[in-house]
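In the numbering used here, the protein residues as written are 1 to 145.
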């Protein structure tokens, strides 16, 4: 089995749920950019640049690609060096990001360890799933409809 599994798909497709299930089954580290951002928000060692990027995100602006790369690459490297596979969820959203991740994997000789899993569904189904889901007020977990 590949050491790096990457889930891609539209919001509401269930990629996060499937990524978590697969990570648990194979004892891989589930890496979600959302989780990385939340952890950074409580990190007292966050740089000023990282803190500003988080403020931008809270204001509704998209997160800078450099922050996604910095957080995700660090977490991927930490786990793979320790011998733990990773399952990425929500990290790659466009062609440029895909190219940067590919470059990172090649620089670390991991390009043959990558498996991409696309989860797809119609726009109508995605809309229905997103509008019916709820979020737990205590833990922040998504509750499917």
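From the three backbone atoms N, C-alpha and C, an ideal C-beta is built for every residue, glycine too.
- Item | Ordered list of beta strand (DSSP E) runs contained in the stretch 9 to 91, each at least 3 residues | Runs found: 29 to 32, 86 to 89.
If you check the beta carbons only, do residue 25 and residue 113 fall under 7 angstroms apart? At a Cβ-Cβ threshold of 7 angstroms, residue 25 and residue 113 do not count as neighbours.
I'd like the span of the alpha helix (DSSP H) that includes residue 118, first residue to last. Careful: residue 118 lies outside any alpha helix (DSSP H), inside the beta strand (DSSP E) at 114 to 118.
Where does residue 5 sit, in a helix, a strand or coil, going by DSSP? Three-state DSSP puts residue 5 in a strand.
Alpha carbon of residue 96 to alpha carbon of residue 127, nearest angstrom: In this structure, the straight-line span from the alpha carbon of residue 96 to that of residue 127 is close to 26 angstroms.
- Does the distance from the C-beta atom of residue 129 to that of residue 143 stay below 7 angstroms? Taking C-beta atoms as the reference points, residue 129 and residue 143 fail to come closer than 7 angstroms.
query: For residue 139, which of 38, 1, 22 has the nearest alpha-carbon?
result: For residue 139, the nearest C-alpha among the options comes from 38.
Which word fits residue 82, buried or exposed, when buried means at least 16 other C-beta atoms lie within 10 angstroms of its C-beta? With fewer than 16 Cβ atoms within 10 Å of its Cβ, residue 82 is classed as exposed.
Hey, residue 40 and residue 54 are a contact pair by Cβ (cut 8 angstroms); roughly how many whole angstroms apart?
With a Cβ gap of about 6 angstroms, residue 40 and residue 54 count as contacting.
Quiz item: What did DSSP end up calling residue 129 once you bin it into helix, strand or coil?
Solution: Three-state DSSP puts residue 129 in a helix.
- Query: Smallest Cα separation from residue 33: which of 108, 7, 109, 111?
  - Reply: Here the closest residue by C-alpha is 7.
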